[in-house]
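S.K.: One structure is given below, represented as structure tokens, and several questions about it will come after.
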Amino acid sequence: MKSALIPFAALVRDTFSEAFARRIFWGFAGCSTMLLAFLVFIMRIDVVAGALATITIFGRAMPTTDVEGLVHQTQSVIAMAMYFFGMALSVFASAGLVAAVFEPGRIELLLSKPVSRTEILMGRYVGNLLVVAANVVYLTAGSWIIFGIKTGMWGVGYLLSSLFTIFIFAVLLAVIVLVGVLWESAAVAIMITFGIMIVTPILAQKDSLERLLSSEWSRDLLRTLYYVLPKTSDISVIIRHLILTEPVDSWMPVWSTALFGLVVLGAGILHFRRRSF
Amino acid sequence: MPDYAIETENLTKVFRTRWPRRELTAVDNISLRVPCGSTYGLLGPNGAGKTTFVKMLLSAAHPTAGRAVVFGRDSRDPAARAPIGYLPENHRFPTYLTGWGMLDFYGALSGMNAPDRKRRIPELLHQVGLDERAHHLRLGKYSKGMLQRVGLAQALMHAPKLLVLDEPSDGVDPVGRRQIRDVLHALEQKGVTIFLNSHLLAEVELFCREVAIIQKGKLALSGTVLELTSGSGYRLEIAGASESLETELRGRARTAGSQNGFLQLLFATRADANEALDLARGNNCEVETFGRTRSTLEEVFMKTVEGE
Numbered sequence: 141m142k143s144a145l146i147p148f149a150a151l152v153r154d155t156f157s158e159a160f161a162r163r164i165f166w167g168f169a170g171c172s173t174m175l176l177a178f179l180v181f182i183m184r185i186d187v188v189a190g191a192l193a194t195i196t197i198f199g200r201a202m203p204t205t206d207v208e209g210l211v212h213q214t215q216s217v218i219a220m221a222m223y224f225f226g227m228a229l230s231v232f233a234s235a236g237l238v239a240a241v242f243e244p245g246r247i248e249l250l251l252s253k254p255v256s257r258t259e260i261l262m263g264r265y266v267g268n269l270l271v272v273a274a275n276v277v278y279l280t281a282g283s284w285i286i287f288g289i290k291t292g293m294w295g296v297g298y299l300l301s302s303l304f305t306i307f308i309f310a311v312l313l314a315v316i317v318l319v320g321v322l323w324e325s326a327a328v329a330i331m332i333t334f335g336i337m338i339v340t341p342i343l344a345q346k347d348s349l350e351r352l353l354s355s356e357w358s359r360d361l362l363r364t365l366y367y368v369l370p371k372t373s374d375i376s377v378i379i380r381h382l383i384l385t386e387p388v389d390s391w392m393p394v395w396s397t398a399l400f401g402l403v404v405l406g407a408g409i410l411h412f413r414r415r416s417f
Numbered sequence: 127m128p129d130y131a132i133e134t135e136n137l138t139k140v141f142r143t144r145w146p147r148r149e150l151t152a153v154d155n156i157s158l159r160v161p162c163g164s165t166y167g168l169l170g171p172n173g174a175g176k177t178t179f180v181k182m183l184l185s186a187a188h189p190t191a192g193r194a195v196v197f198g199r200d201s202r203d204p205a206a207r208a209p210i211g212y213l214p215e216n217h218r219f220p221t222y223l224t225g226w227g228m229l230d231f232y233g234a235l236s237g238m239n240a241p242d243r244k245r246r247i248p249e250l251l252h253q254v255g256l257d258e259r260a261h262h263l264r265l266g267k268y269s270k271g272m273l274q275r276v277g278l279a280q281a282l283m284h285a286p287k288l289l290v291l292d293e294p295s296d297g298v299d300p301v302g303r304r305q306i307r308d309v310l311h312a313l314e315q316k317g318v319t320i321f322l323n324s325h326l327l328a329e330v331e332l333f334c335r336e337v338a339i340i341q342k343g344k345l346a347l348s349g350t351v352l353e354l355t356s357g358s359g360y361r362l363e364i365a366g367a368s369e370s371l372e373t374e375l376r377g378r379a380r381t382a383g384s385q386n387g388f389l390q391l392l393f394a395t396r397a398d399a400n401e402a403l404d405l406a407r408g409n410n411c412e413v414e415t416f417g418r419t420r421s422t423l424e425e426v427f428m429k430t431v432e433g434e
């Protein structure tokens, strides 16, 4: 390994070690494994000549004939559960991982090493992102293979959906990093990130909400908040479209959310570089 | 190679809070030079600004004014920290790592490659007195003394040219302290500059050649331990002096007194002390002690911080 990469690789590896020492990530992996086991052993799908013969859950036959629709719906449910529930779990676990770096007695030692501050922060960011990505890919790829083997359907829409889940986590992690650098508090990071996760689906209903607002400035404020903040709800719709192999209306939610993430991460790095510990 | 391991020029750190609006000058205009290969002690009461000073050397805190230079490089340059090994005072090492894993991590952060780390880790753990069992024990199970030892090993991983130690023997038993001192002496022999920040004045006096005392953020005193502790006179202690001799000697001495049957005399100059010694020997007196008066570093420290 090139010597310049050794410290960065060590920082990423350290984040993995710390994540594995925290049981919440094992809890995430455990939930994924249980779901995969459910798909393997409990849900039985018999396909005859490309059409569904029977689907059995806990030994009970379910009334359906559309194999493609069934697989897509099931994949949608898993993807949405992972997107919202898995994301909440990941935010909860990651907030502590980021804040831990700034603990007095730990940060001074890290900063005393011949590593730039940007590298220290990015090492933790990338490490944390990879831990969550590993969990997401494990569940998505695992269930995709199981569905593929059981039904012969190997559409990539479901696999692509995991990239969007990882993407939205990367954006929320940028918020956690910024809050961590500013206040060194896991609790505040969780509150603010959960706040964004709760508020943005409401903002996504801006067209309906605008009709309820009487003043122009409040409508402007609503629109500004919608365009500035990440569009978690709109991206979940894009994921659903991808899985159901439907066309995506607009990619604006993706690029504007990416822009938000970049600005927030940049602000976190800038503040970290200027801070005294 | 530069002459100084550490050079600071008017180094100042002011902490400001926006609300309520307050300012605290933690380090005030300190200019200090630590020669390469020296053993240097930084002393000061709690809150004097020692830790902030050290943090600025390591670029963990940014100076408000002035600058710190390490081996000729500005401390803000990450490359300036490559030759530094650091052991913080209230360290919080990652408890999920083993002793081995921790050294591996911090060694990698210093840019060491895997084979070098693998070779160096057992060597260092042995050197600081941690046995085989401790190598693969999580740091969460380590005692305070074991953490200090592994912390010192961490600071030595990449064979630094400058060692900055904040209370290195804190929580270590007397045997461990001796071991740590031996390790530091061996490093001193190899030409490593050692910058020690400690409250244990006796330990600093025993180990450091030079010291600086910081008081309320300012540099109050600096110099070699020998210079600072050497007194301003000469002491003669004798027994068996006749009444007439005692009167004469008391007349020549700056101060005089008696204790446990000994006449204790203090002279201003070496010549006066030697004349008195000749006189005492000529009168068959027994000489108990003769030499230059010395203060302990603790006395120097107390005088400095109490403004005497």
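Respectively, the protein sequence lines represent chains A and B.
In terms of my numbering, the first sequence opens at residue 141 and continues consecutively.
In terms of my numbering, the second sequence opens at residue 127 and continues consecutively.
In this text, a Cβ means the ideal position worked out from N, Cα and C, and glycines have one as well.
The model shown is predicted, which means the values in this text are computed figures rather than measured ones.
Looking only at DSSP bridge pairs, what is Gly211(B) linked to?
M.R.: Numbered from its first residue, the second sequence carries residue 211(B) at position 85. Answer is Leu289(B).
S.K.: Count the other C-beta atoms from every protein chain shown that fall within 10 angstroms of the C-beta of Ser348(A), then say buried if there are 16 or more, exposed otherwise.
M.R.: Stepping through the first sequence from its first residue, residue 348(A) is reached at position 208. Looking at its Cβ environment, which holds fewer than 16 other Cβ atoms inside 10 Å, Ser348(A) is exposed.
S.K.: May I ask which residues mark the beginning and end of the alpha helix (DSSP H) holding Phe412(A)?
M.R.: To locate residue 412(A), count along the first sequence from 1; it is residue 272. Looking at the DSSP string, the run of the alpha helix (DSSP H) that includes Phe412(A) is 392-414.
S.K.: Starting from Gly245(A), find everything on chain B with Cβ-Cβ shorter than 7 Å and list it in chain order.
M.R.: Position 105 of the first sequence holds residue 245(A). Neighbours of Gly245(A) on chain B, chain order: Pro214, Asn216, His217, Arg218.
S.K.: For a test of the three-state rule: what should DSSP assign to Phe321(B), helix, strand or coil?
M.R.: One-based indexing of the second sequence puts residue 321(B) at position 195. Strand at Phe321(B).
S.K.: Go ahead and label Ser356(B) buried or exposed: buried means 16 or more other beta carbons lie within 10 angstroms of its beta carbon, across all protein chains shown.
M.R.: Counted from its first residue, the second sequence places residue 356(B) at position 230. It counts as exposed.
S.K.: Considering only their Cβ atoms, is the gap separating Asp299(B) from Gly271(B) smaller than 7 Å?
M.R.: Within the second sequence, numbered from 1, the residue matching residue 271(B) stands at position 145. Within the second sequence, numbered from 1, the residue matching residue 299(B) stands at position 173. Yes, the pair counts as a contact, with Cβ atoms nearer than the cut-off.
S.K.: If you draw a straight line from the alpha carbon of Gln215(A) to that of Ile289(A), how long is it in whole angstroms?
M.R.: The residue labelled residue 215(A) in the question sits at position 75 within the first sequence. The residue labelled residue 289(A) in the question sits at position 149 within the first sequence. Spanning the two alpha carbons is a distance of roughly 14 Å.
S.K.: Quick check: what's the CA-CA separation for Val276(A) versus Ser234(A)?
M.R.: To locate residue 276(A), count along the first sequence from 1; it is residue 136. To locate residue 234(A), count along the first sequence from 1; it is residue 94. Each residue's Cα considered, the two are about 14 Å apart.
S.K.: Taking a contact to mean a Cβ-Cβ separation below 7 Å, would you say Met283(B) touches Leu332(B) in this structure?
M.R.: Within the second sequence, residue 283(B) is the residue found at index 157, counting from 1. Within the second sequence, residue 332(B) is the residue found at index 206, counting from 1. Against a cut-off of 7 Å, the Cβ pair of Leu332(B) and Met283(B) comes out as no contact.
S.K.: Mind checking whether Leu183(B) and Ser157(B) have CB atoms under 7 Å apart?
M.R.: As a position in the second sequence, residue 183(B) is number 57, starting the count at 1. As a position in the second sequence, residue 157(B) is number 31, starting the count at 1. Not in contact: Leu183(B) and Ser157(B) (Cβ atoms no closer than 7 Å).
S.K.: Any idea if Thr373(B) is buried or exposed, counting beta-carbon neighbours within 10 angstroms, 16 or more meaning buried?
M.R.: Position 247 of the second sequence, counting from 1, holds the residue named residue 373(B). So Thr373(B) ends up on the exposed side.
S.K.: So, under 8 Å CB-CB, Glu329(B) and Glu215(B) are touching, yes? Tell me the CB distance rounded to an integer number of Å.
M.R.: Numbered from its first residue, the second sequence carries residue 329(B) at position 203. Numbered from its first residue, the second sequence carries residue 215(B) at position 89. Actually they are not in contact, since the Cβ atoms of Glu329(B) and Glu215(B) sit about 14 Å apart, beyond 8 Å.
S.K.: Indicate whether Gly227(B) and Arg243(B) have their beta-carbon atoms separated by less than 7 Å.
M.R.: The residue given as residue 227(B) occupies position 101 in the second sequence. The residue given as residue 243(B) occupies position 117 in the second sequence. No, these two residues do not count as a Cβ contact at 7 Å.
S.K.: How should Asp129(B) be labelled, buried or exposed, when 16 other C-beta atoms within 10 angstroms of its C-beta is the threshold for buried?
M.R.: Counting from 1 along the second sequence, the entry for residue 129(B) is found at position 3. A residue is called buried once 16 or more other Cβ atoms fall within 10 Å of its Cβ, and Asp129(B), having fewer, is exposed.
S.K.: Residues bridged to Val238(A) by DSSP?
M.R.: Locating residue 238(A) in the first sequence gives position 98, where the first residue counts as 1. Val238(A) has no beta-bridge partner at all, per DSSP.
S.K.: In whole angstroms, what separates the C-alpha of Phe197(B) from that of Pro241(B)?
M.R.: Counted from its first residue, the second sequence places residue 197(B) at position 71. Counted from its first residue, the second sequence places residue 241(B) at position 115. Going by the C-alpha atoms only, they are around 28 Å apart.
S.K.: Any residues in the stretch 153-168 of chain A with a beta carbon nearer than 9 Å to a beta carbon of chain B? Which ones, in chain order?
M.R.: Arg153, Asp154, Ser157, Glu158, Phe160, Ala161, Arg162
S.K.: What span of residues does the beta strand (DSSP E) with Pro161(B) cover, start to end?
M.R.: Mapped onto the second sequence, residue 161(B) falls at position 35. It spans 148-161 - the beta strand (DSSP E) in which Pro161(B) sits, taken as one unbroken run.
S.K.: Use the C-beta contact count for Gly211(B): other C-beta atoms within 10 angstroms, 16 or more gives buried, fewer gives exposed.
M.R.: As a first step, residue 211(B) must be located in the second sequence, where it is residue number 85. By the 10 Å Cβ count, Gly211(B) comes out buried.
S.K.: Should Arg258(B) be labelled buried (16 or more other beta-carbon atoms within 10 Å of its own) or exposed?
M.R.: In the second sequence, residue 258(B) corresponds to position 132, counting from 1. Just to set this straight, residue 258(B) is Glu in the shown sequence, not Arg. Classification of Glu258(B): exposed, given that the 10 Å Cβ count is below 16.
S.K.: On the three-pair Cβ rule with 8 Å, is the stretch 308-328 of chain A touching the stretch 258-272 of chain A?
M.R.: yes
S.K.: Per DSSP, which residues does Glu363(B) bridge with? Please list them.
M.R.: Locating residue 363(B) in the second sequence gives position 237, where the first residue counts as 1. Answer is Gln390(B), Thr415(B), bridged to Glu363(B).
S.K.: Cutting at 8 Å between CB atoms, please list the residues of its own chain near Leu256(B), excluding the five before and the five after it.
M.R.: To locate residue 256(B), count along the second sequence from 1; it is residue 130. These residues qualify, in order along the chain: Gly225, Met272, Arg275, Val276, Ala279.
S.K.: How would you call Glu432(B), buried or exposed, if buried means at least 16 neighbouring beta carbons within 10 angstroms?
M.R.: Taking the second sequence and counting its residues from 1, one reaches residue 432(B) at position 306. With fewer than 16 other beta carbons inside 10 angstroms of its own, Glu432(B) counts as exposed.
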